[in-house]
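Notes for the one structure printed next.
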Amino acid sequence: MSSPAKSSVLRAILADDASVRIATALGIPGKTESKRVALTSGRLTTEEIVRRIKELSKLRDEILQVMRQLNLTREATPSMVDQLDYDSELEATKRELEEARNEYQEVQGKIEKIQRQIDKSKKKIAALTEISQTGFTTDQLESEARDFRRVLGRLPVKKLDTPQKALQSQFKDQAILAVGNRKQNTVYVLFAAPKDKFSQALQTLLLYDFTPVEIPEHKLDVRSEIQAEEEKAKLLSEELEGLKLQLDDLRRKAEQTLNRRLDEVVDALMLLRGILKLGDGTQASRIYARLEGVVPVEIMNSLTRKGIIELESSS
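Just so we're aligned: the sequence shown equals residues -16 to 298 in this note's numbering.
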């Protein structure tokens, strides 16, 4: 067995006094507990003890997995019970584990849904804001002619003359390129052409680094639509903050519950393993010690040979 990392928790079931003294001496003063316990199986057969060990080991791993999923802090402490009321406590622990997982997933799902809505609103606000800065009116951007198609986009300022001349040369007066406001090194343009010529004319523009700009759907005028989306995003953000507080509260409660249950499961598991190793009816010491620094491997191996040892990193 490897030595524990700095700041670890040692749990031990030991029968001989010398090993008990060594184990308790490893702990930080004031953070070490030792209690005498009777390793009694209650007439369980060896097969039944092994089955319970397997069930508890599986439950321990499930609790740890959920704690990792919920990003909960593990704080190991000695449990208050000497013997686990196995059947009822096992079912209660499984139920609490499932409840913690389901409640977390439900709230987390709501958070993710609202965050997607906020992101969508912000994206639409950005798109509408850009539309308002193009220099073209809503009517110019949205008016429809039966035989024409139009597209909004940007062209590099330095290349503006060249595509204009190319369109004029290829399509004469059938293709129109209106120039709007400048944005840094580019300029907004509104391009229109007959439907049967549009694809070819657009390909010509793309040769000169034309970047299309999507015109988002909106029911109101652009500025009113921006205000409506901003208000929507604000309300969603307030709802999101409330859900995050709810999630934090759920995590705090789950952290307390699952830490307590995990301590009970680990201690019960060690007692059962102690019965198999040290014998049914043996009087032993159950030790809990918080460690600092590295314990020599030889000492840990010696204790492991004499009893049941569990090391757990402390959060």
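Quick reminder that beta carbons are idealized off the backbone N, C-alpha and C, glycines included.
In the DSSP annotation of this structure, the continuous segment of the beta strand (DSSP E) that includes F131 starts and ends at 131 to 139.
Excluding residues up to 5 positions away in sequence, A(-5), I(-4), M253, R256, G257, K260 lie with their Cβ nearer than 7 Å to the Cβ of I291 in the same chain. The Cβ atoms of V3 and S268 lie closer than 8 Å to each other. In the DSSP assignment, R26 forms no beta bridge with any residue.
Closest in C-alpha terms to A75, from the list F154, I270, L241, comes L241.
Counting along the chain, the unbroken alpha helix (DSSP H) around S115 starts and ends at 69 to 115. Take V248, set aside five residues on each side of it, and the residues of its chain with a beta-carbon closer than 6 Å to its own are L39, L42, R43, in chain order. In the structure shown, the three-state DSSP call for T169 is strand.
Between F174 and V140, the CB-CB gap reaches or exceeds 8 Å. Between Q91 and L219, the C-beta spacing is not below 8 Å. Distance between I11 and S(-9), taken at the CA atoms: about 11 Å. Rounded to the nearest angstrom, the gap between the Cα atoms of D263 and T23 is 5 Å. In the three-state scheme derived from DSSP, where H, G and I count as helix and E and B as strand, V162 is classed as strand. With fewer than 16 other CB atoms across the displayed protein chains lying within 10 angstroms of its CB, K178 is exposed. Close CB contacts of D246 within its chain, under the 8 Å cut and outside five residues either way in sequence, are with A59, T60, P61, S62 (chain order). Secondary structure note for S152: it is in no beta strand (DSSP E), and the uninterrupted alpha helix (DSSP H) holding it is 144 to 154.
A Cβ-Cβ separation of about 5 Å places T194 in contact with R137 under the 8 Å criterion. In this structure T112 is exposed. Its beta-carbon is surrounded by fewer than 16 other beta-carbon atoms within 10 angstroms. Pairing Y87 with L233 gives a Cβ-Cβ distance under 8 Å. I(-4) has R269, I291 as its beta-bridge partners, per DSSP.
Its chain contains V(-8), A59 as the residues whose beta carbon lies nearer than 6 Å to that of E295, once the 5 sequence neighbours on both sides are disregarded; these appear in chain order.
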